[in-house]
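Worksheet: the structure to be examined is printed underneath.
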Amino acid sequence: MITKIKILIRNIQEFLERNILGGFIQELTWKCKHFYDKKWTETSLKSINLEHRKNLTQVITSLHNIDSVMEVGCASAPNLQLIREKLPNAKLVGIDINKQAIKTARNHFLLQNDNNAEFFTKSADRLDDFPEKSFDIVFSQAVLVFVPPINIRKAIHGMLRVSKRYIILNEYHLDGEPNGLFNGGRWIYDYISIIKEYSPDAEISMQPSGFKGGIWDDYGNLVIAKLKK
């Protein structure tokens, strides 16, 4: 009986996100996360030793001549902390929908006397304020899984627009799902197909995400798109 109720709730959530509410549910959840999870922003800030973060950092910093990096959905910026260690002179920008996480990230970098890192309260599909080709790399990690189909193309198109060279997505990927598969309250997409819609000449490769457990084992992939200059 409990399983049937859970399935029903997920079906209703999928219908609402896909057809009526779009990202409203997920955005509200993440905007308010610091209220119902009081320690979240500090926990995020200190979570730099997780293997998937190290794996992602290694991929990003192994690319050559990287002078600017944007993270979409940075939380309190643990990924950007690791990237800063490897790229001490790069311009770093993080955006997140949770204003408390952005405040925590900003304060941390200021305490390090780092004046080349900026943080903004924005959602993944609202990058219009950033000029075209502003960053060498634009990346996300476990963020687009919360973006419903009605918003996903705007998010990907925005990332492609502001990137000069690469976008890197550490997300759930499944070939043949350009319009989204809803699984366990998360969205799974064919990112290769979506990227090709806007950047058909992009060179795209994939490797394991670095995440372990749950449906990450089935769908977790690090999608690396090298954009045509």
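Just so we're aligned, residue 1 is where the sequence shown starts under our numbering, counting upward by one. Ideal Cβ positions, reconstructed from N, Cα and C, are used throughout, including at glycine.
- The bridge partners DSSP lists for Gln58 come to none.
- Burial of Glu177 is indicated by the presence of at least 16 other C-beta atoms within 10 angstroms of its C-beta.
- For Val162, the uninterrupted alpha helix (DSSP H) segment begins and ends at 149 to 162.
- If you ignore the 5 residues before and after Met70, its C-beta comes within less than 6 angstroms of the C-beta of Val93, Phe135, Val138, all in its own chain and listed in chain order.
- Around the Cβ of Glu42, a 10 Å sphere holds fewer than 16 other Cβ atoms; the residue is exposed.
- Boundaries of the alpha helix (DSSP H) harbouring Phe24: 24 to 31, taken from the DSSP string.
- Rounded to whole angstroms, the separation of the alpha carbons of Leu127 and Asn221 is 24 angstroms.
- Met206 and Ile192 have their C-alpha atoms spaced approximately 9 angstroms apart.
- Within the same chain, Cβ atoms closer than 6 angstroms to the Cβ of Phe109 are found at Ala117, the five residues on either side in sequence being excluded.
- The secondary-structure analysis by DSSP pairs Ser205 across a beta bridge with Ile224.
- The beta carbon of Thr121 is closer than 8 angstroms to those of Ile95, Asp96, Ile97, Asn98, Lys99, Ile102 in its chain, skipping five residues each way along the sequence.
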